[in-house]
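I have placed the structure first, in the form of structure tokens, so that the comments after it can refer back to it.
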Amino acid sequence: MNVFLWVLAGILAALFLAAGAPKLLQSKEKVVQATGTWAVNYPPAAIKAIGLLEILGAIGLVLPAAVGIAAGLVPVAATGLAVVMAGAAVVHGRRGEGRSVAVNVLLLALVAVVAWGRFGPYAF
Numbered sequence: 014m015n016v017f018l019w020v021l022a023g024i025l026a027a028l029f030l031a032a033g034a035p036k037l038l039q040s041k042e043k044v045v046q047a048t049g050t051w052a053v054n055y056p057p058a059a060i061k062a063i064g065l066l067e068i069l070g071a072i073g074l075v076l077p078a079a080v081g082i083a084a085g086l087v088p089v090a091a092t093g094l095a096v097v098m099a100g101a102a103v104v105h106g107r108r109g110e111g112r113s114v115a116v117n118v119l120l121l122a123l124v125a126v127v128a129w130g131r132f133g134p135y136a137f
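Structure (structure tokens):
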């Protein structure tokens, strides 16, 4: 199970890094073009904050445990990403974007598994 949690955390970290970097580094217009229309309703600072949270969460899923410093931050990062995905599901749900809601709920469930495992029976 420990190996499974490592692999899952690594995959999720790559996904959240890939999702967060464009939000943080690109203009609002490019984010709107690339991700759809949800970003139209949010100021650029909010979009960049979401991107930063996703990047920090991605780093927090693997780096603390990999270097052996503050490994207890891994489940905290997973919990934070679960909160971000819950918020994303609400936003997409209000917009009637069912496919995006499904992706958000799936990602929420996967980071919840990491949080459960690292807070509980497979803590560092």
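By the count of the working numbering, the sequence shown reaches residue 137 at its end, each step adding exactly one.
Where is the CB? At the ideal position from N, CA and C, for every residue including glycine.
Spatial neighbours of residue 55 in its chain, beta-carbon cut-off 6 Å, leaving aside the 5 residues before and after: none
Whole-number beta carbon distance between residue 78 and residue 137, since they are thought to touch under 8 Å: 6 Å
Own chain residues within Cβ distance below 7 Å of residue 113, not counting five before or after: 105
Short Cβ contact (9 Å threshold) for residue 76 with residue 23: no
Residue 107 - containing alpha helix (DSSP H), residue span: 86 to 107
Segment limits, alpha helix (DSSP H) that includes residue 48: 41 to 48
Residue 82 - DSSP class collapsed to helix/strand/coil: coil
Alpha-carbon to alpha-carbon, residue 96 and residue 123: 12 Å
Straight-line gap, residue 129 to residue 86 (C-alpha atoms, nearest Å): 13 Å
Counted within 10 angstroms of its Cβ, other Cβ atoms place residue 14 as buried (16 or more) or exposed: exposed
Proximity of residue 33 and residue 67 at Cβ, strictly below 9 Å: yes
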